[in-house]
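Going by my numbering, the sequence shown opens with residue 157, and the numbers climb by one from there. Note that beta-carbon positions come from the ideal geometry of N, C-alpha and C, so glycine has one too. Reviewing the structure listed below.
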Amino acid sequence: MSKQIRIVIADDHPIVRRGIRQSIEEDMNFTIVGDAEDGETALTIIQELVPDIAVLDIEMPKLDGLAVARKLCDLHLPTKIIFLTMHTDEDLFRVAMELGAKGYLLKDSATEEVVEGIRAVSAGRLYVSPAIATTLLGRRRLPRTNTPVASLVAQLTATESQVLKLIAAGQSSKEIGAELSIHYRTVENHRTNICRKFGIEGANALLRFAVLHKESL
157 MSKQIRIVIA
167 DDHPIVRRGI
177 RQSIEEDMNF
187 TIVGDAEDGE
197 TALTIIQELV
207 PDIAVLDIEM
217 PKLDGLAVAR
227 KLCDLHLPTK
237 IIFLTMHTDE
247 DLFRVAMELG
257 AKGYLLKDSA
267 TEEVVEGIRA
277 VSAGRLYVSP
287 AIATTLLGRR
297 RLPRTNTPVA
307 SLVAQLTATE
317 SQVLKLIAAG
327 QSSKEIGAEL
337 SIHYRTVENH
347 RTNICRKFGI
357 EGANALLRFA
367 VLHKESL
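Okay, structure coming up:
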């Protein structure tokens, strides 16, 4: 990487925070510009320093990670968010993705995965811990046939194919709309059409499909 990636970390457990810091500092391309033990402090630091990436524990005192993310969305700050969590709860994952999270790490393995996650997110990719991806991505219905992914994707229009690739990269409908110069509601229509063609349904099912099969898209 040509420039250093500036990072803020926030976790209320000092040992976890120290482990994550040590892992990040082993990579010369990363620099930690601040850390915090609660959400309010994290929000203040991020507002002041506007780092490239914020690694936020979902469960923190004063403001939890999701509340911090909502505030950052309201402020339209460019900082990309990687969440840390102890849970594989699907609703929590869905909320995190809707808030624009680019990474979702299981806290138990965060010290081993945080560097890989930061690299992926800084390169514009979505990163989900392998330990929870299988659980989250397999919990709901994926295509109800054994049709190969390539055959499913072949059904899509050129725009639908672009939309699917951007979904796999973790972009929201508004972000996709801005990139493709179309209204975000048009993106939502494309999402609906893709789900219909693939035979999938349920909240966040398309995101799970896209992430699971992103190497084939």
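Beta-carbon separation (whole angstroms), residue i vs residue j, contact threshold 8 Å
i	j	result
residue 181	residue 171	Their Cβ separation, rounded to whole angstroms, is 16 Å, which puts residue 181 and residue 171 out of contact at 8 Å.
residue 176	residue 266	6 Å
residue 305	residue 179	About 33 Å separates the two Cβ atoms, so there is no contact after all.
residue 219	residue 199	6 Å
residue 239	residue 221	6 Å
residue 118	residue 366	The first residue shown for the chain is 157 and the last is 373, placing residue 118 beyond what the model contains.
Nonlocal neighbours in the same chain, by C-beta distance under 8 Å from residue i, ignoring five residues either side
i	result
residue 229	255 and 256
residue 205	162, 164, 189 and 190
residue 226	255
residue 223	195
residue 280	325
residue 342	333
Identity of the residues DSSP links to residue i by a beta bridge
i	result
residue 162	187
residue 259	238 and 283
residue 212	166 and 239
residue 192	166
Chain-order list of residues whose beta-carbon lies under 7 Å from that of residue i (same chain, five-residue window excluded)
i	result
residue 269	261 and 285
residue 322	332 and 335
residue 100	There is simply no residue 100 to check, as the chain begins at 157 and stops at 373 in what is shown.
residue 344	329
residue 316	346, 349 and 350
residue 201	164, 190 and 192
residue 264	none
residue 251	222
residue 318	336
Nonlocal neighbours in the same chain, by C-beta distance under 6 Å from residue i, ignoring five residues either side
i	result
residue 372	305
residue 353	311
residue 167	173 and 213
residue 211	165 and 238
residue 193	168
residue 276	283
residue 236	209, 258 and 277
residue 370	324
residue 207	162, 163, 164, 189 and 235
residue 183	271
residue 216	168, 194 and 195
Within-7 Å CB hit, residue i to chain C
i	result
residue 243	Absent here is chain C; the protein component of the structure consists of one chain.
Quick one: any contact between the region 315-333 and the region 238-258, if contact means 3 or more CB pairs under 8 Å? yes
Does the structure place the region 343-357 close enough to the region 302-313 that three or more beta carbon pairs sit under 8 Å? Output reads yes: the region 343-357 touches the region 302-313.
Where are the alpha helix (DSSP H) runs, 4 residues long or more, that stay fully inside the region 302-362, in chain order? 305-309, 314-324, 329-336 and 340-354
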